[in-house]
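Colleague: My questions will all concern the structure given below.
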Amino acid sequence: MVSREKITPDMAKKEVVRICEISDENIVDCMQCGKCTAGCPAVHGMDILPHQVIRLLQLGQIDQLLQSEAIWSCAACFTCASRCPRAVDISKIMEALRLTLVRVKGNNRLDIEKVPKLLDKNIPQQAIVSGFRKYVK
C-alpha cells in the first residue's frame, strides 16, 4: 500500500504573510486555472511555473520558492495579471519574493549615492524598474 503525505496550507507562516503584504495580493483567490502560465513569455526559463509559485505559497513552502530560478526569470510584463480571472498579479508576488530574498541577504536598502554608478554598468532594466517600484512609495 502506498502511503500518502497530506500537505495542508500553512497561511499563518510569517513569510507568506509578509510576501502577501509586500505584494498587496491575495493568494487565496488563485484557483489554479493555469492561464498565467499559458500566457507567460518567460515560462521556458522557469523551473517552477507561475501557477505553481502561487500554489507553493498557498502551501507555505517558501524555501523551495526562494531557491528557484523562476523568481529571477519573471519579466514583470504583467501578462499574468491581465489573463487572471481572479485578478491575482503574480509578477507582484515574484517581485515580493525577490525582495524577501534580497532582504535575507542583508541588502534591503538602496544607497542613493550608488545609483548613478549602477546605471553605468550593464544592469538589467528590470532591476532598475523594480528598485524604483520598491523605494518610491
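All you need for this note's numbering is the position in the sequence shown, starting with 1, plus 13. Cβ coordinates follow ideal geometry from the N, Cα and C atoms, glycine included.
Below 8 angstroms on the Cβ atoms is my contact criterion, and I expect residue 78 with residue 70 to pass it. Report the Cβ-Cβ distance as a whole number of Å.
Modeller: Between residue 70 and residue 78 the Cβ distance is about 7 angstroms, and since that is below 8 angstroms, they are a contact.
Colleague: Here's the rule I'm using: 16 or more other beta-carbon atoms within 10 Å means buried, otherwise exposed. How should residue 111 be labelled?
Modeller: Label assigned to residue 111: buried.
Colleague: CA-CA distance, residue 57 and residue 51?
Modeller: Cα to Cα, the separation comes out at about 11 angstroms.
Colleague: Quick check on residue 46: buried or exposed, where buried means 16 or more other Cβ atoms within 10 Å of its Cβ?
Modeller: Flag for residue 46 reads exposed.
Colleague: Could you tell me the alpha carbon to alpha carbon distance between residue 75 and residue 28, rounded to whole angstroms?
Modeller: Cα-Cα distance, rounded: 7 angstroms.
Colleague: Pull up the CB-CB distance for residue 61 and residue 83, whole angstroms please, since I reckon it's below 8 angstroms.
Modeller: Confirmed, about 4 angstroms.
Colleague: Anyone know if the C-beta pair for residue 115 and residue 38 falls short of 9 angstroms?
Modeller: Not closer than 9 angstroms, so no.
Colleague: Indicate the three-state DSSP secondary structure (helix, strand or coil) for residue 98 in the structure shown.
Modeller: DSSP places residue 98 in coil when its eight states are reduced to three.
Colleague: If you drop the 5 nearest sequence neighbours on each side, which residues of the same chain put their C-beta closer than 6 angstroms to that of residue 121?
Modeller: Below a pLDDT of 50, predicted positions are generally treated as unreliable, and residue 121, at 47, falls in that range; the measurement from the model is reported next regardless. So the list is empty, once near-sequence residues are dropped.
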